[in-house]
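In the working numbering, the protein residues as written are 114 to 557.
Cβ atoms here follow ideal geometry from the backbone N, Cα and C, with glycine treated the same way.
This one's a predicted model, so the numbers in the text were calculated from it and none came from an experiment.
Here's the structure we're looking at; comments come further down.
This is the structure in structure tokens:
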């Protein structure tokens, strides 16, 4: 066979590979998106109801407690939604090692859950809103425990993402039905948290049983748990710090100002975060394959990263523009009378969508699969600290808009820092190219 024929054969194989992977990724992403959209329908049905029934003050108190609970989720997960998925994606053909990983991760999550108990106790003592409304703290903590213990990392690492996604969505749907039945007055906000905790607990219990039908249950081990906590500490630093400018904004705002301001900012943020979460199915579809390819086939990984930039980056820019233009309509429909001041907040927050899209590609899809947790975590820790400092400086003067300035600055720092890191490690943006292992070492 001549050289030109070899080249043509190689080109045909590459095109065949690209079509196959695009088809498989599109199928996974589409199925995950369906489950995710169903999950998003729930808040888009319940938010208008809750915003009107609870009013800005009661709605703000609910968002305050949910924000604290979601940050606790990050502590309990301890980054295993990424590190656990990455490990499973690489050893899924080895049943013995898979069983060891399951034991280690589940033991580590139980230890992390125990660590959150004193955190919740401290919050009750030092946070006036929790002292005055203990039911919000209790059910927020129970929700965090249920969601944090989810074994979805096990299924995602094996690229069996669809059923777990629909199970979690089912838990959300059950909780949403309950909202319309039992939440009738502003003082009923804690019931939302209770329903979410119960719905998530049912889904997680089923998934855990499913996992242990494939991997025999072994009594949790302190040694295995501490070993896995140490192994995932880098990603946990990234996850926990990112929560300070993603999940915890309403909680931080509630420490500085009143629930009414939290309701305005939190309502707008809830809308924009719902849009951002549409990027999650794509990210979940790409991540295990990129983690697998990072150690198996650099050329394949480069094609996958380019696809992720086109899909995730392109969708994020479209959604950001749409949310900016449609802000008055979205606020009017989803939040209603009394939330008019949330329109400029929503417009300002819309720039987060493309910023986070870029950060997702170069952070989740590149930095973590290639083992750059340390610099990535450093950027995120810096951004989390910056968000806290700016919030306490800007919120007293600018209210909710001060919180917007704070979180946008923090997210932009991470995205820009990741692009710079990618270039410094020998990568190229146009055309998009990942540096070889040797080149990366030369730039280290």
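Taking the beta carbon of residue i as the centre, do at least 16 other beta carbons fall within 10 Å, making it buried, or is it exposed?
i	result
residue 229	buried
residue 194	buried
residue 252	buried
residue 335	exposed
residue 281	buried
residue 384	buried
residue 543	exposed
residue 177	buried
residue 422	buried
residue 392	buried
residue 209	exposed
residue 247	exposed
residue 484	exposed
residue 231	exposed
residue 537	exposed
residue 450	exposed
Look at residue i and residue j and say whether their C-beta atoms are less than 8 angstroms apart.
i	j	result
residue 610	residue 498	Only positions 114 to 557 of the chain appear in the structure, and residue 610 is not among them; the question remains open.
residue 463	residue 437	yes
residue 494	residue 354	yes
residue 91	residue 357	A question about residue 91 goes unanswered here, because the residues of the chain that appear run from 114 up to 557.
residue 201	residue 211	yes
residue 545	residue 478	no
residue 507	residue 372	no
residue 167	residue 302	yes
residue 164	residue 526	no
residue 509	residue 369	yes
residue 185	residue 254	yes
residue 411	residue 547	yes
Keeping to the same chain, check which residues put their C-beta closer than 6 angstroms to that of residue i; ignore five residues upstream and five downstream.
i	result
residue 190	261
residue 337	216, 217 and 220
residue 307	252
residue 134	Model confidence at residue 134 stands at a pLDDT of 46, short of 50, so the residue's coordinates are unreliable; what they give is reported in the following sentence. So the list is empty, once near-sequence residues are dropped.
residue 413	406
residue 386	none
residue 515	507 and 508
In angstroms, rounded to a whole number, what distance separates the CA positions of residue i and residue j?
i	j	result
residue 388	residue 375	20 angstroms
residue 205	residue 319	21 angstroms
residue 520	residue 539	30 angstroms
residue 455	residue 441	9 angstroms
residue 181	residue 322	28 angstroms
residue 346	residue 298	43 angstroms
residue 402	residue 162	40 angstroms
residue 213	residue 339	13 angstroms
residue 473	residue 272	19 angstroms
residue 244	residue 171	16 angstroms
residue 446	residue 159	12 angstroms
residue 315	residue 192	22 angstroms
residue 317	residue 330	15 angstroms
residue 266	residue 198	5 angstroms
residue 276	residue 293	26 angstroms
residue 475	residue 326	36 angstroms
residue 398	residue 249	34 angstroms
residue 434	residue 263	34 angstroms
residue 541	residue 309	44 angstroms
residue 533	residue 304	45 angstroms
residue 524	residue 470	10 angstroms
residue 487	residue 513	32 angstroms
residue 349	residue 491	11 angstroms
residue 279	residue 179	22 angstroms
residue 420	residue 270	20 angstroms
residue 425	residue 352	20 angstroms
residue 296	residue 482	43 angstroms
residue 268	residue 324	8 angstroms
Going along the chain, which residues of its own chain have a beta-carbon closer than 8 angstroms to the beta-carbon of residue i, five neighbours each way excluded?
i	result
residue 453	444
residue 517	378, 458, 461 and 462
residue 224	335, 338, 339 and 342
residue 183	257, 356, 360 and 361
residue 116	Residue placement at residue 116 cannot be trusted, given a pLDDT of 47 that sits under 50; the coordinates are not used to answer.
residue 300	171
Which same chain residues end up closer than 7 angstroms to residue i when comparing Cβ atoms and leaving out the 5 residues on each side of it in sequence?
i	result
residue 522	499 and 503
residue 258	189 and 226
residue 328	211, 212 and 215
residue 203	404, 405 and 408
residue 528	468, 471 and 472
Taking three-plus beta-carbon pairs below 8 angstroms as touching, is the region 418 to 429 in contact with the region 465 to 472? They touch, by the three-pair rule.
Kindly confirm or deny that the region 229 to 238 and the region 285 to 292 touch, where touching means at least three C-beta pairs closer than 8 angstroms. no
Looking at C-beta atoms only, is the number of pairs between the region 359 to 368 and the region 406 to 416 that lie closer than 8 angstroms three or more? no
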